[in-house]
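Trainee: Questions regarding the structure given below will be posed in turn.
Protein chains: 2
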Amino acid sequence: MTSQCIRRLNTAEKNFDTQLDQLLAWEAVTSDAVASVVAEILQQVRSRGDAAVIEYTNRFDRRELVRAGDFIVASADLNAALQRISPEDREALEVAAQRVRDYHYHQVQESWHYIEADGTVLGQQITPMARVGIYVPGGKASYPSSVLMNAIPAKVAGVDCVNMVVPAPDGKLNDLVLAAAGIAGVNQVYTIGGAQAVAALAYGTETIAAVDKIVGPGNVYVAAAKRAVFGRVAIDMIAGPSEILVICDGGTDPDWIAMDLLSQAEHDEMAQSILLCPDAQFLDKVAVSLQQLLTDLPRAPVARKSLAKRGALIQVGSLEEAIRLSNRIAPEHLEVSVADPERFLPQICNAGAIFLGRYTAEALGDYCAGPNHVLPTSGTARFSSPLGVYDFQKRSSVIYCSAEGADKLGRVAGTLARGEGLEAHARSAAFRIKGDTPGQ
Amino acid sequence: MTSQCIRRLNTAEKNFDTQLDQLLAWEAVTSDAVASVVAEILQQVRSRGDAAVIEYTNRFDRRELVRAGDFIVASADLNAALQRISPEDREALEVAAQRVRDYHYHQVQESWHYIEADGTVLGQQITPMARVGIYVPGGKASYPSSVLMNAIPAKVAGVDCVNMVVPAPDGKLNDLVLAAAGIAGVNQVYTIGGAQAVAALAYGTETIAAVDKIVGPGNVYVAAAKRAVFGRVAIDMIAGPSEILVICDGGTDPDWIAMDLLSQAEHDEMAQSILLCPDAQFLDKVAVSLQQLLTDLPRAPVARKSLAKRGALIQVGSLEEAIRLSNRIAPEHLEVSVADPERFLPQICNAGAIFLGRYTAEALGDYCAGPNHVLPTSGTARFSSPLGVYDFQKRSSVIYCSAEGADKLGRVAGTLARGEGLEAHARSAAFRIKGDTPGQ
Numbered sequence: 001m002t003s004q005c006i007r008r009l010n011t012a013e014k015n016f017d018t019q020l021d022q023l024l025a026w027e028a029v030t031s032d033a034v035a036s037v038v039a040e041i042l043q044q045v046r047s048r049g050d051a052a053v054i055e056y057t058n059r060f061d062r063r064e065l066v067r068a069g070d071f072i073v074a075s076a077d078l079n080a081a082l083q084r085i086s087p088e089d090r091e092a093l094e095v096a097a098q099r100v101r102d103y104h105y106h107q108v109q110e111s112w113h114y115i116e117a118d119g120t121v122l123g124q125q126i127t128p129m130a131r132v133g134i135y136v137p138g139g140k141a142s143y144p145s146s147v148l149m150n151a152i153p154a155k156v157a158g159v160d161c162v163n164m165v166v167p168a169p170d171g172k173l174n175d176l177v178l179a180a181a182g183i184a185g186v187n188q189v190y191t192i193g194g195a196q197a198v199a200a201l202a203y204g205t206e207t208i209a210a211v212d213k214i215v216g217p218g219n220v221y222v223a224a225a226k227r228a229v230f231g232r233v234a235i236d237m238i239a240g241p242s243e244i245l246v247i248c249d250g251g252t253d254p255d256w257i258a259m260d261l262l263s264q265a266e267h268d269e270m271a272q273s274i275l276l277c278p279d280a281q282f283l284d285k286v287a288v289s290l291q292q293l294l295t296d297l298p299r300a301p302v303a304r305k306s307l308a309k310r311g312a313l314i315q316v317g318s319l320e321e322a323i324r325l326s327n328r329i330a331p332e333h334l335e336v337s338v339a340d341p342e343r344f345l346p347q348i349c350n351a352g353a354i355f356l357g358r359y360t361a362e363a364l365g366d367y368c369a370g371p372n373h374v375l376p377t378s379g380t381a382r383f384s385s386p387l388g389v390y391d392f393q394k395r396s397s398v399i400y401c402s403a404e405g406a407d408k409l410g411r412v413a414g415t416l417a418r419g420e421g422l423e424a425h426a427r428s429a430a431f432r433i434k435g436d437t438p439g440q
Numbered sequence: 001m002t003s004q005c006i007r008r009l010n011t012a013e014k015n016f017d018t019q020l021d022q023l024l025a026w027e028a029v030t031s032d033a034v035a036s037v038v039a040e041i042l043q044q045v046r047s048r049g050d051a052a053v054i055e056y057t058n059r060f061d062r063r064e065l066v067r068a069g070d071f072i073v074a075s076a077d078l079n080a081a082l083q084r085i086s087p088e089d090r091e092a093l094e095v096a097a098q099r100v101r102d103y104h105y106h107q108v109q110e111s112w113h114y115i116e117a118d119g120t121v122l123g124q125q126i127t128p129m130a131r132v133g134i135y136v137p138g139g140k141a142s143y144p145s146s147v148l149m150n151a152i153p154a155k156v157a158g159v160d161c162v163n164m165v166v167p168a169p170d171g172k173l174n175d176l177v178l179a180a181a182g183i184a185g186v187n188q189v190y191t192i193g194g195a196q197a198v199a200a201l202a203y204g205t206e207t208i209a210a211v212d213k214i215v216g217p218g219n220v221y222v223a224a225a226k227r228a229v230f231g232r233v234a235i236d237m238i239a240g241p242s243e244i245l246v247i248c249d250g251g252t253d254p255d256w257i258a259m260d261l262l263s264q265a266e267h268d269e270m271a272q273s274i275l276l277c278p279d280a281q282f283l284d285k286v287a288v289s290l291q292q293l294l295t296d297l298p299r300a301p302v303a304r305k306s307l308a309k310r311g312a313l314i315q316v317g318s319l320e321e322a323i324r325l326s327n328r329i330a331p332e333h334l335e336v337s338v339a340d341p342e343r344f345l346p347q348i349c350n351a352g353a354i355f356l357g358r359y360t361a362e363a364l365g366d367y368c369a370g371p372n373h374v375l376p377t378s379g380t381a382r383f384s385s386p387l388g389v390y391d392f393q394k395r396s397s398v399i400y401c402s403a404e405g406a407d408k409l410g411r412v413a414g415t416l417a418r419g420e421g422l423e424a425h426a427r428s429a430a431f432r433i434k435g436d437t438p439g440q
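Protein sequence lines, in the order shown, are assigned to chains A and B.
Here the first sequence is numbered in full-length UniProt numbering, starting from 1 and rising by one per residue.
Here the second sequence is numbered in full-length UniProt numbering, starting from 1 and rising by one per residue.
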């Protein structure tokens, strides 16, 4: 019966590596059809601005916009949304926002410099980006937490202008999303979405200022549009399906672990929930818990498909092996639900967010623990990081040579420049060498 | 006569903005032809590994490789190159490497955490990537300085395995490049290039380990291949032509400024050299210097074309206006050749590297001042940074809730999760709430 719900694997099986590779296989594919639709939308918005944005929005979102002003949300409307939501919702959003803000202040990077013996100054000046655009999905999957997680790091970084786009299919907007925008300090909200919204943020229109970076999740058209404008503006990572990897020593309540796996599985059918445990009997118990807990879960149909397609309970030889496997998988979310979790922390090298101990449900990190919930998926934790303040700051190198420093460095630079056949480089340095003449 | 060498503009002219936009216009375009050639190469290397790498390398680089081992450079060969180069070259490379290393150690980010009143621990763990690939162009534009600038930050970050690819057309390799690889601590050198080298680094072959990130400049095929594998591995920015913006108060020797402009112009015909100065007579003098200094410059034909196509001497109303203009241009290299350069530093927000004072030739930064010479081009300094140690480190959020913390946070998370219709999230958090039952 449990085998119907989620697959069981064992690292001791000889074809385990192949099975694991198959389980993890996922690749973002942009179909040519999507790419060509997106290319046309980008081109139209780039050349015709607001007019094209209005046309696409009316067509795709069944709106009746007449002029650009019609897609702007007045700040009074944000306040009104904040008044309309329940006091409990409002307090939860405000507590979450404050905790996210507190955590992200630790990420602020400061400018630095040092002075060498000859008076030469070297350093790095750190500044915020000027304008950032946040994409927030509309319609059925409207996530106020996503507004907080994308906007707050930008504001903490010091970005002056954080603008948000959110589609309003049939004119409908989510009050919690608008309230979250107000709490997060979003400067301007535009009720547009899809590739046309990405284009408007990247190129600018008569009404919408071009931004320096676009962040936030979206459908395949949004992802394709972000990929296409990458380079003209910065973008965040193109996210794959959400994943959780739980490592448990068998000492946590199996219901807790099962619900943690379900909290990932309920996201969508491609979400991935994997449990690693050395104790076969514990895996049995979790399998039973999964079946039981699924029965009255509102999103059970989604979670069932996710578990069946992409879930796994994996028996490992030891917790050490589990950690090695986790480093290979590089999960978005890693729960280390064991007795002494801090013991394993130094060995963990690839993970978006690490949840230590039996009490740290992954869901806390999604909403209010403080760290960002925008995390690297599909193994990209090997080389990328949670969204953070550092994503909205940039650096400039600073070099201020003393006369003596220029003399010393000019000689070295001249040798290297001539080695590369770049004589003007050598001569430019040579002008600052004492008593030298640049011609030689 | 001077008008033949470089254009003159004035911010007071009424069509200046349009002229400036035209001057700056540059867009990376990947032709469909290049993209389809690259897609085929990526596919072949991905499915056939070393065999495909060998075939393409033999075809494009006129090599006669038989087996994969033939494209590996033995570490003895790196040492041999180090012995073959002149003592002066070797010392220059070693001085440069040490200064680059010293500067980049200031960029190392450390893990941090803090403990809340209820015992909950929040933090961020910082770790190096495991494997990085460096692309180094071969043939006529072989730059040892580029090896240092790409490899050293990775090594300082703690990357275990820094592998380098460099094509060897007709089997020819540059001793300075090999010597620089040895000095920088590169772990393995493969004499392959083009899209096939990018594919090998991204997907791995029987001989070449797949890496987490690929950095370094290359031709249009290399750029297209990097763009295509972006997401599977991290890449650095796709670089445009090199640029310098000089702001001068008119008090620097016009020959010095002219040579600084030429040092950029000699890179390639699309390189861009712009001078901003409030003093029209100084601009006249620089124009004369340019003509004179061009006469015996080895790469004068390239520099002339660059100045004619993309260079400009621009008269500004004031130094303050020059700084504002510079922030709009967001140059790769910014020289502030004025009396009190530090006065302007806080106003500079968009620039890859800032060279302060009359003695700080941009060329010093290219080779040995310490900061990286891999810098954001084409206005991307609005949102990106010099290559640095931070590009080879990644972060993991760390959350370790106390029982009390899980209780407090679980309530907030539950409210927010139910607001988003994610009941399993709410129940997973509720399990950790004292005396609560997750079903409600």
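Idealized CB from N, CA, C, for every residue including glycine.
Does the beta-carbon of methionine 1 of chain A have 16 or more other beta-carbons within 10 angstroms, so that it is buried, or is it exposed?
Mentor: Model confidence at methionine 1 of chain A stands at a pLDDT of 43, short of 50, so the residue's coordinates are unreliable; what they give is reported in the following sentence. Answer is exposed; the Cβ neighbour count stays below 16.
Trainee: Taking any Cβ of chain A, which residues in the stretch 386 to 398 of chain B have a Cβ under 8 Å from it, in chain order?
Mentor: Listed by position along the chain: Pro386, Gly388, Tyr390, Lys394, Arg395, Ser396, Ser397 and Val398.
Trainee: How about alanine 271 of chain B and alanine 265 of chain B: are their beta carbons less than 8 Å apart?
Mentor: Contact: yes.
Trainee: For chain A, is any of its Cβ atoms less than 8 Å away from the one on aspartate 17 of chain B?
Mentor: It does not: the Cβ of aspartate 17 of chain B has no partner Cβ on chain A nearer than 8 Å.
Trainee: Starting from the Cα of arginine 432 of chain A, find the closest Cα among A:Gly419, A:Thr415, A:Glu420 and A:Gly410 and give me that residue.
Mentor: It is A:Gly410 whose Cα lies nearest to the Cα of arginine 432 of chain A.
Trainee: Does any residue of chain B bring its CB to less than 8 Å from the CB of threonine 205 of chain A?
Mentor: So no, threonine 205 of chain A is outside the interface.
Trainee: Which residues of chain A have a Cβ atom closer than 8 Å to the Cβ of glutamate 423 of chain B, listed in chain order?
Mentor: Ordered by position in chain A, the residues that pass the 8 Å Cβ test against glutamate 423 of chain B are Glu266, Leu297, Pro298 and Arg299.
Trainee: What is the residue span of the alpha helix (DSSP H) that tyrosine 114 of chain B lies within?
Mentor: No alpha helix (DSSP H) contains tyrosine 114 of chain B, which is instead part of the beta strand (DSSP E) from 112 to 115.
Trainee: My assumption, with CB atoms under 8 Å, is that residue 451 of chain A sits in contact with alanine 361 of chain B. Please give the rounded CB distance.
Mentor: Nothing can be reported for residue 451 of chain A: it is not among the residues displayed for chain A, which extend from 1 to 440.
Trainee: Opposite cysteine 277 of chain A in the DSSP bridges: which residues?
Mentor: Looking at the DSSP assignment, cysteine 277 of chain A forms a beta bridge with A:Gln315.
Trainee: Does the CB of lysine 172 of chain A have a neighbour CB from chain B at under 8 Å?
Mentor: By this cut-off, lysine 172 of chain A is not an interface position.
Trainee: Can you give the Cα-Cα distance for tyrosine 400 of chain A and alanine 97 of chain A, rounded to whole angstroms?
Mentor: Approximately 41 Å between the Cα atoms of the pair.
Trainee: Compare the Cα-Cα distances from glycine 379 of chain A to each of A:Leu65, A:Cys349 and A:Ile214 and report the closest residue.
Mentor: The candidate whose alpha carbon is nearest that of glycine 379 of chain A is A:Cys349.
Trainee: Which bits of chain B does residue 443 of chain A rub up against, with CB to CB less than 9 Å?
Mentor: This structure cannot speak to residue 443 of chain A, because chain A is shown only from 1 to 440.
Trainee: Considering only residues of the same chain and omitting the five flanking positions on each side of alanine 417 of chain B, which have a CB-CB separation below 6 Å?
Mentor: Cβ neighbours of alanine 417 of chain B beyond the five flanking positions: His425 and Ala426.
Trainee: Is any beta-carbon of chain A found at less than 8 Å from that of leucine 275 of chain B?
Mentor: False, the Cβ-Cβ gap to chain A never drops below 8 Å.
Trainee: For the pair the stretch 62 to 79 of chain B and the stretch 117 to 127 of chain B, tell me if three or more CB-CB distances fall below 8 Å.
Mentor: They do not touch, by the three-pair rule.
Trainee: Which whole-angstrom value describes the C-beta separation of proline 254 of chain A and valine 316 of chain A, a residue pair presumed to lie in contact below a C-beta threshold of 8 Å?
Mentor: About 17 Å separates the two Cβ atoms, so there is no contact after all.
Trainee: Please classify alanine 234 of chain A as buried or exposed, where buried requires at least 16 neighbouring CB atoms within 10 angstroms.
Mentor: Burial call: buried.
Trainee: Note down the Cα distance separating threonine 191 of chain A from glutamate 206 of chain A, rounded to an integer number of angstroms.
Mentor: Their Cα atoms are separated by approximately 16 Å.
Trainee: Can you find the residues in the same chain that come closer than 6 Å, C-beta to C-beta, to glycine 439 of chain B, ignoring five residues on each side of it along the sequence?
Mentor: Low local confidence applies: a pLDDT of 47 at glycine 439 of chain B is under 50, so the model's placement there is unreliable, with the coordinate-based value given in what follows. Contacts found: none.
Trainee: In whole angstroms, what separates the C-alpha of alanine 403 of chain A from that of glutamate 88 of chain B?
Mentor: The alpha-carbon atoms of alanine 403 of chain A and glutamate 88 of chain B are separated by roughly 23 Å.
Trainee: Does the stretch 106 to 115 of chain B touch the stretch 130 to 150 of chain B, meaning 3 or more C-beta pairs lie closer than 8 Å?
Mentor: The answer is no - the stretch 106 to 115 of chain B does not touch the stretch 130 to 150 of chain B, with fewer than three Cβ pairs under 8 Å.
Trainee: Let me see if you follow: with CB-CB separation under 8 Å, is methionine 270 of chain A close to chain B or not?
Mentor: No, methionine 270 of chain A lies away from the interface with chain B (no Cβ there is under 8 Å from its Cβ).
Trainee: Given this structure, state the Cα-to-Cα distance separating alanine 168 of chain A from tyrosine 203 of chain A, to the nearest angstrom.
Mentor: If I take the Cα positions, the gap works out to 22 Å.
Trainee: Is the stretch 146 to 161 of chain A close to the stretch 237 to 257 of chain A, with three or more CB pairs under 8 Å?
Mentor: They do not touch, by the three-pair rule.
Trainee: Using a Cβ cut-off of 8 Å (strictly closer), state whether alanine 429 of chain B contacts chain A.
Mentor: Closer than 8 Å to some Cβ of chain A, the Cβ of alanine 429 of chain B qualifies, so yes.
Trainee: Among the residues of its own chain, which have a CB less than 6 Å from the CB of isoleucine 274 of chain B, if the five just before and after it don't count?
Mentor: Only Leu245 and Ala312 meet the Cβ criterion.
Trainee: So is serine 31 of chain A buried or exposed if we call it buried at 16+ other beta carbons inside 10 Å?
Mentor: Per the 10 Å Cβ criterion, exposed.
Trainee: From the DSSP secondary-structure annotation, give me the bridge partner or partners of glutamine 143 of chain B.
Mentor: Checking the displayed sequence, the identity of residue 143 of chain B turns out to be tyrosine instead of glutamine. Answer by DSSP bridge pairing: none, since tyrosine 143 of chain B is not bridged.
Trainee: Using 8 Å as the threshold, is the C-beta distance between leucine 290 of chain A and leucine 307 of chain A below it?
Mentor: Contact: yes.
Trainee: Report the partner residues of glutamate 64 of chain B according to the DSSP bridge assignment.
Mentor: DSSP, once it has assigned bridges, lists no residue as partnering glutamate 64 of chain B.
Trainee: In whole angstroms, give me the CA-to-CA distance for proline 298 of chain B and serine 75 of chain B.
Mentor: Cα-Cα distance, rounded: 35 Å.
Trainee: Determine whether the Cβ of arginine 382 of chain A lies closer than 8 Å to any Cβ atom of chain B.
Mentor: Yes - at least one Cβ of chain B is within 8 Å of the one on arginine 382 of chain A.
Trainee: Would you identify the three-state DSSP class for glutamine 272 of chain B, choosing helix, strand or coil?
Mentor: In the structure shown, glutamine 272 of chain B sits in a strand (DSSP, three-state: E or B).
Trainee: Any idea which residues DSSP pairs lysine 394 of chain A with across the strands?
Mentor: In the DSSP output, where bridge partners are listed per residue, lysine 394 of chain A has A:Thr127.
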